[in-house]
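> Okay, handing you the structure first.
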């Protein structure tokens, strides 16, 4: 519960089919929509089918050298040499005592360069990207690499690192990539525009809300397994609030289970109480998100109107002082808004929409 991957089977099957054909994939979705879970599930299934894999979260990589080390380490993990490399990566004599790692070093000498802090970091990165393909070729395996939050790669050194990856990846024949990112505008600038560095390099796949029918069946089954009696109306009220948002739907379920276990004698199903508790639980995240949005007056005003569930934004906003179309494009680009099944813009984060209505709009 809370970690189940629900409603993504079609996307997973499509991604795996494309990767096995040698086609790289770009996965785009707002924050907390389960991109990382999809990437990890795909790589896990490919490993079980005896393929090589590598996964790196660019958000957690502080510099060029760390990126090159992570690439090398995750590739070595396919032969369970990653722990040895991490332990003795800066001790050449210890590396050479390990027979399997010694064989790697003899064929891929750049691995020894990690023992020196003076080795050029760009040279290491270049060699590590080549290592992805050459190491898998050594064992006659396809390798699939997940580069999560790829939009953050520009923070390391902007255009130079992007051009380096492009120059290497386009020559690789036995490697396919899953690029994923939360910022649609950033991923657009890398993959979709005609002058972008990775234009036509990968197939674009956007993931959104999960179909409510699938989530309904999951919730019904899980409540039954937890011995929590619920009505169809209550399950539908959860989905009406979350719109099938994967993170928040499961967070609501988790909070109900916690209340059921901690206060069994007084427990009652009340979605309003659950949501109030989640507002407290997520307060820091929601406040920081609002602080960031409030830096731009036009962003603040449009987001407030969308949170109000306004039928027509243009009828409620002074469009002479705010370019609504441009603001909507920017907000969509950063993953803050998304169109629902009725082709209307809503906030991609339903709890944030509730927070605005309760904490911002009520005070005005």
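In the working numbering, the protein residues as written are 21 to 384.
Yeah, the Cβ is synthetic: ideal placement off N, Cα and C, and Gly gets one too.
Around the Cβ of residue 96, are there at least 16 other Cβ atoms within 10 angstroms (buried) or fewer (exposed)?
Answer is buried; the Cβ neighbour count reaches 16.
> Using the Cβ count rule (16 or more neighbours within 10 Å means buried), how would you classify residue 69?
Burial call: exposed.
> Alpha carbon to alpha carbon, how far is residue 243 from residue 251? Give it in angstroms, no decimals.
Roughly 10 Å between the two C-alpha positions.
> Per DSSP, what kind of secondary structure is residue 21 in: helix, strand or coil?
Bear in mind that a pLDDT of 42 at residue 21, under 50, signals an unreliable position, so the model cannot answer this.
> What does the alpha-carbon distance come out to for the pair residue 286 and residue 247?
The alpha-carbon atoms of residue 286 and residue 247 are separated by roughly 16 Å.
> Helix, strand or coil: which one does DSSP assign to residue 53?
Here residue 53 sits in coil by DSSP.
> Tell me residue 85's beta-bridge partners as DSSP assigns them.
Its beta-bridge partners do not exist; DSSP assigns none.
> Measuring CB to CB, does residue 198 end up less than 9 Å from residue 44?
It is a contact, given that the beta carbons lie within the stated cut-off.
> Across the stretch 252-260 and the stretch 44-53, are there enough close Cβ pairs to call them in contact, namely three or more that are closer than 8 Å?
Touching, no, given that fewer than three Cβ pairs across the two stretches are closer than 8 Å.
> May I have the straight-line CA-CA distance separating residue 84 from residue 41, to the nearest angstrom?
Rounded to the nearest angstrom, the two C-alpha atoms are 30 Å apart.
> Using three-state DSSP, classify residue 364 as helix, strand or coil.
Here residue 364 sits in coil by DSSP.
> Which of helix, strand or coil does DSSP assign to residue 353?
Three-state DSSP puts residue 353 in a helix.
> Cα separation between residue 439 and residue 106?
The displayed coordinates of the chain run from 21 to 384. Any statement about residue 439 would go beyond what the structure contains.
> Quick one: is residue 159 buried, meaning 16 or more other Cβ sit within 10 Å of its Cβ, or exposed?
So residue 159 ends up on the exposed side.
> Which of the three DSSP states, helix, strand or coil, is assigned to residue 46?
Residue 46 falls in the strand class under three-state DSSP.
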